[in-house]
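Shown next, in structure tokens, is the structure this report addresses.
Chains as they are written, first to last, in this note's numbering: chain X, 1 to 221; chain Y, 1 to 221.
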């Protein structure tokens with residue numbers, strides 16, 4: 001589904017896809033077969049034309065009067081995101097946020113499986129958090145290559161972020177989900193997704209003081 | 001700065017503003033006075049025309065050859081976001097994610113101050129986490145009105161999310177930063193910002209398999 005190029009203005013759509021997936025799986029578990037863009041729009045709190053555009057990006061369109069087949073939609077979204085199969089990941093930094101992510105059941109929705117965690121604090125080594133064992137960071141290179149892990153979640157203190165990143169890059173990491181406030185330097189070919197917890201707060205702050213209106217731009221697509 | 005209406009396609013800009021603020025404060029602490037859009041673009045990993053558009057939204061434009069005065073920029077962004085003054089908040093649900101947010105020093109950047117936390121677990125009541133005391137949720141109505149708190153962070157288990165929300169709404173809450181996967185029902189006038197940890201992972205997944213290209217649309221602004 002979809003080609004190998006994605007326009008940057010489609011990223012807000014991508015950000016919404018997990019929420020669709022969550023709703024669709026609830027419907028599916030309730031034995032519901034079809035859903036309309038109007039129903040999804042209401043539950044998502046957005047307009048139904050936006051729902052249709054969002055879902056079209058994954059390569060699916062609804063049928064008039066019937067709507068979308070839920071099983072098709074789930075398949076289409078999961079395939080677009082690459083979440084249809086599971087992905088192993090390592091987590092670096094078992095602090096408060098790291099522990100929270102280790103305990104975040106919803107991650108399973110994405111097929112992401114944290115199979116090991118790393119820290120340097122001797123109090124944490126060899127303990128398990130939600131079934132995930134903590135190793136010393138010195139063990140990471142060996143385990144990265146042995147288990148062929150391509151994705152890392154970074155929840156280390158900011159002052160260690162670049163150093164751990166360099167270690168990951170040297171050992172073939174492909175993607176880093178960066179929860180530190182540091183802008184990491186990585187070579188081309190390595191994807192970093194920076195998670196800024198303050199982004200959502202910025203949007204909330206602005207929405208509390210202003211009306212946000214939708215205004216679509218012509219995309220010729 | 002800015003009028004009382006914000007176009008929805010400006011929200012990606014709003015999401016980036018905290019990252020600018022973070023960089024600018026680092027520059028400022030190093031005694032640097034001015035910065036160019038090119039420098040900011042490089043550090044943010046985006047194009048400099050996008051930097052200029054982002055900053056224009058807050059009501060500021062740079063001077064050719066000189067760039068932006070950092071102190072002006074900080075003021076402009078903080079004023080746009082309403083972060084120039086501090087905001088008190090309550091946190092509901094002192095689980096792993098709640099604890100992580102209580103320990104998240106960066107929140108202070110936004111002026112957000114969590115002044116109390118609430119739970120129902122007797123093991124947590126009256127304890128303090130990072131200096132924030134945990135009260136039973138039954139005390140929330142009294143404290144909400146007494147302290148005139150208008151913002152709540154919701155990190156309760158999904159099955160309690162709507163019930164706690166109803167309690168908050170009844171007691172005059174204006175904004176809810178919702179970390180649960182539940183689509184909350186609130187009356188008009190209450191702003192909910194849903195934080196979906198899977199959104200970032202969706203973007204990462206897509207970016208690992210595709211080239212993301214920028215394509216600006218005409219906005220006539």
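Glycine is no exception: its CB is placed at the ideal position from the N, C-alpha and C atoms.
It should be emphasised that the depicted structure is a prediction, and the values quoted were computed from it without experimental measurement.
For residue 74 of chain Y, no Cβ of chain X is located within less than 8 Å of the residue's own Cβ. With respect to residue 162 of chain Y, residue 184 of chain Y sits close: the two C-beta atoms are nearer than 8 Å.
The stretch 99-107 of chain X makes no contact with the stretch 75-86 of chain X, as fewer than three CB pairs between them are under 8 Å. Rounded to whole angstroms, residue 211 of chain X and residue 6 of chain Y show a C-alpha spacing of 6 Å. Excluding residues up to 5 positions away in sequence, 48 lie with their Cβ nearer than 7 Å to the Cβ of residue 38 of chain Y in the same chain.
Fewer than three beta-carbon pairs drawn from the stretch 65-77 of chain Y and the stretch 130-137 of chain Y are found closer than 8 Å, and the two stretches are therefore not classed as touching. With at least 16 other beta carbons inside 10 angstroms of its own, residue 76 of chain Y counts as buried. Proximity of chain X to residue 99 of chain Y at the Cβ level (cut-off 9 Å) is accounted for by 96, 99 and 100, in chain order. The C-beta of residue 22 of chain Y comes closer than 8 Å to at least one C-beta of chain X.
Contact annotation: residue 153 of chain X and residue 89 of chain X have beta-carbon atoms nearer than 8 Å. Per DSSP, residue 162 of chain X lies in no beta strand (DSSP E); the unbroken alpha helix (DSSP H) holding it starts and ends at 158-170. Scanning its chain for C-beta atoms nearer than 8 Å, with the 5 sequence neighbours on each side dropped, one finds around residue 86 of chain Y the residues 111, 112 and 113, in chain order. In the DSSP assignment, residue 138 of chain X falls outside any alpha helix (DSSP H) and carries neither an H nor an E. Contact between the stretch 159-177 of chain X and the stretch 200-210 of chain Y is present: three or more C-beta pairs spanning the two stretches fall below 8 Å. Chain Y has a Cβ within less than 8 Å of the Cβ of residue 203 of chain X. When the beta-carbon positions are compared, residue 13 of chain Y and residue 57 of chain Y come within less than 8 Å of each other. If you look at residue 115 of chain X, you'll find it isn't in any alpha helix (DSSP H); it sits in the beta strand (DSSP E) that goes 112-119.
Residues of chain Y whose Cβ lies closer than 8 Å to the Cβ of residue 191 of chain X are, in chain order, 204, 207 and 208. When the alpha-carbon of residue 96 of chain X is set against those of X:124, X:107, X:73 and X:206, the nearest one is in X:124. Interface residue (Cβ-Cβ distance to chain X less than 8 Å): residue 15 of chain Y is classified as such. Chain Y has no Cβ within less than 8 Å of the Cβ of residue 39 of chain X.
Contact check for residue 135 of chain Y against residue 147 of chain Y fails: the beta carbons are separated by 8 Å or more. Along the stretch 104-134 of chain X, going in chain order, the ones with a CB nearer than 7 Å to a CB of chain Y are 104, 106, 109, 110 and 112. The beta carbon of residue 19 of chain Y lies closer than 7 Å to those of 44 in the same chain, with the five residues before and after it left out. For residue 200 of chain Y, the closest Cβ of chain X is nearer than 8 Å. Closer than 8 Å to the CB of residue 196 of chain Y there is at least one CB belonging to chain X. Chain Y has a Cβ within less than 8 Å of the Cβ of residue 183 of chain X. From the listed residues X:207, X:208, X:188 and X:213, the smallest Cα separation to residue 207 of chain Y is found for X:188. The beta-bridge partner set that DSSP reports for residue 67 of chain Y consists of Y:63.
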